[in-house]
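Engineer:
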Amino acid sequence: MMAITGMWFQDGLTGSAWGDWSLYTDSPLRAFEGELGVQAPLGYWDPVGLSSDGDLATFKRRRETEIKHGRVAMWAAMGYIAPEFFRWPGYLSPSQSLNFADVPNGLAACSKVPGNGWAQVILFCGSLEVYWGYNAYAKGGTPGEYGWKAITSTDPETRKR
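Just so we're aligned, residue 1167 is where the sequence shown starts under the numbering used here, counting upward by one.
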């Protein structure tokens, strides 16, 4: 029983139980072998099989979403750490006489920020989603590239900007 189960997993993940994996060039499991992030010895690793159909549009949408969620998580971590070391001077809400220094750190801040403050945060995040192309895959772009080439460019003129 263990041998049969092992053969299923071996065939499903590497394709080598009943033949040579290098011969299965048309397999949907091979659709994304040339994508960024594919590394030996695993190759394109998709243990759940979400990309097993080989649909490029779905793959790009998932890649874009993964990058976006990673960036949101980094901003959230910075937002959690930064108030430990720095506070803006002045008022968070002048009408309620609430200073930035009066807002506690961590999750306790959620109940202290006024509703209009949360509305501003939601509008800002929404404007990022709508206006700054966080859906480049739908417009034929490459996931993760938002037109800010100055940092990664090899052109000296572009890097001067």
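Using N, Cα and C, we set each Cβ at its ideal position, and we do this for glycine too.
All values derive from a computational prediction rather than experimental measurement.
(1) Taking three-plus beta-carbon pairs below 8 Å as touching, is the region 1264-1271 in contact with the region 1237-1253?
(2) Let's test the definition: count the other Cβ atoms within 10 Å of the Cβ of L1208 and tell me whether it reaches 16, buried, or not, exposed.
(3) Could you check the C-alpha separation between A1206 and G1200 for me, to the nearest Å?
(4) Rounded to a whole number of angstroms, what is the C-alpha to C-alpha distance between G1181 and F1290?
(5) First and last residue of the beta strand (DSSP E) that includes L1258?
(6) Measuring only the C-alpha atoms, how far is D1212 from A1274?
(7) Please work out which residues of its chain come closer than 8 Å, Cβ to Cβ, to Y1257, disregarding the five sequence neighbours upstream and downstream, and give them in chain order.
Structural biologist: For this structure:
(1) yes
(2) exposed
(3) 12 Å
(4) Confidence at G1181 is low in this model, with a pLDDT of 49, below 50, so the placement of that residue is unreliable and no value is reported for it.
(5) Y1257 to S1259
(6) 38 Å
(7) S1263, L1264, N1265 and F1266
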